[in-house]
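The structure appears below as structure tokens.
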């Protein structure tokens, strides 16, 4: 249904020859969604253990985080060196400006391990998107964001149910200060927003950021290669522009990676905070 | 030139337009969130820390709508 071509006869005639390139001209191949499903490398054909390079990358990242934090906190010194200082700065950022700021000292201490784990997993897995040679974020296939979102989902529901089951459900489904007859409308909306939309948006926000980031970078850099190698001549001027944009967006992707890790950890904390809150 | 002549033809999927449309709303929304935060910080600079956190939460919620727009493209093209 959606695949029918639009024939817009009212458009300017100049488009007519622009859309039909000559057959022998070099053809530009842009990024596609298939980038995220590379061929299997291990256990090919096995239904459960088949592995492609993105899954391998996730395991490598987990090992990297483990080694990095182990090395950084192995010989703790009162006056930290440069490496220990960096690790401490990262950990303190999560503890001070995310967890304790929103949850306070007492509750913060309980949820600190979870939120620190989420923050650093998301951060490191995002950053692989801009590492040359890897060029794909470990979060750009739905599995990893989904696992992290499910962890956050279980955490905030568990936090609420553990502390005050009835008050938690009442605050969530029957928000106070609403006229009783409006609960017919409000309760379903609140239910969907809390138990469906929260984990879905957590997953989609991270996943789509990483997919779009990868597609943008691949588009710019493959366009650069196309202009420079395939077309040549005066087109090299165009390749300078795409190269500049590609470089700029690489820095933008670093920003997005850090920001998404921050937002994911922050939203998890906010959801836990809302679940722990007493009467509004 | 009779009525059936096709002067211009665009191939592709109409679902691509969907993301463009969904980006409009999120773009306006993020703009309002950030703009209002700047206004508030200009009024009360000492609240900057708290307001920045609130700004990021606001951006995250607003921006999610645009990303749902991209997701629907991948869902409906199949």
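Residue numbers (this note's numbering), protein chains in the order written: chain X, 17 to 296; chain S, 41 to 118.
Each residue gets a CB set at the ideal place from its N, CA and C atoms; glycine is no exception.
According to DSSP, residue 58/X shares a beta bridge with 67/X. By the beta-carbon neighbour count (other beta carbons within 10 angstroms, threshold 16), residue 144/X is buried. Distance from the Cα of residue 86/X is smallest, within the candidate group 247/X, 103/X, 184/X, 194/X, for 103/X. DSSP places residue 105/X in the uninterrupted alpha helix (DSSP H) bounded by 98-108.
By the neighbour-count criterion, in which 16 or more other beta carbons inside 10 Å mark a residue as buried, residue 269/X falls on the buried side. Scanning its chain for C-beta atoms nearer than 6 Å, with the 5 sequence neighbours on each side dropped, one finds around residue 243/X the residues 251, 254, 255, in chain order. Residue 170/X has no beta-bridge partner at all, per DSSP.
Neighbours of residue 103/S across chain X, judged by C-beta separation under 8 Å: 221. If you look at residue 180/X, you'll find it isn't in any alpha helix (DSSP H); DSSP assigns it neither H nor E. For residue 70/S, no Cβ of chain X is located within less than 9 Å of the residue's own Cβ. Contact check between the stretch 255-264 of chain X and the stretch 226-242 of chain X: three or more CB pairs, one atom from each, fall below 8 Å, which counts as touching. Against chain S, the beta carbon of residue 224/X has neighbours under 7 Å at 107, 110, 111, listed in chain order. For residue 251/X, the uninterrupted alpha helix (DSSP H) run begins and ends at 251-292, by DSSP. Under the DSSP assignment, residue 236/X falls in the alpha helix (DSSP H) whose first and last residues are 214-241.
With the criterion set as a beta carbon lying under 8 Å from some beta carbon of chain S, the members of the stretch 197-221 of chain X are 217, 220, 221, in sequence order. Between the alpha carbons of residue 92/S and residue 205/X lies a gap of roughly 28 Å. Against residue 100/S, the close residues of chain X are 221, 279, 282, 283, in the order they occur along the chain (beta-carbon pairs closer than 8 Å). Your pair residue 218/X and residue 277/X does not check out as a contact, with CB atoms roughly 12 Å apart and the cut at 8 Å. Residue-level contact by beta carbon holds for residue 93/S and chain X, with a gap shorter than 9 Å.
For residue 74/S, the closest of 64/S, 113/S, 54/S, 95/S by C-alpha to C-alpha distance is 95/S.
Ranked by Cα distance from residue 135/X, the options 280/X, 68/X, 118/X are led by 280/X.
Contact with chain X is absent for residue 115/S, since none of that chain's Cβ atoms lies less than 9 Å from the residue's Cβ.
Using a CB distance cut-off of 9 Å, residue 51/X does not count as an interface residue toward chain S.
Nearest in C-alpha terms to residue 81/X, of all of 106/X, 92/X, 61/X, 283/X, is 106/X. Closest in alpha carbon position to residue 125/X, among 138/X, 137/X, 133/X, 111/X, is 111/X. With respect to chain S, the C-beta atom of residue 103/X has no partner C-beta closer than 9 Å.
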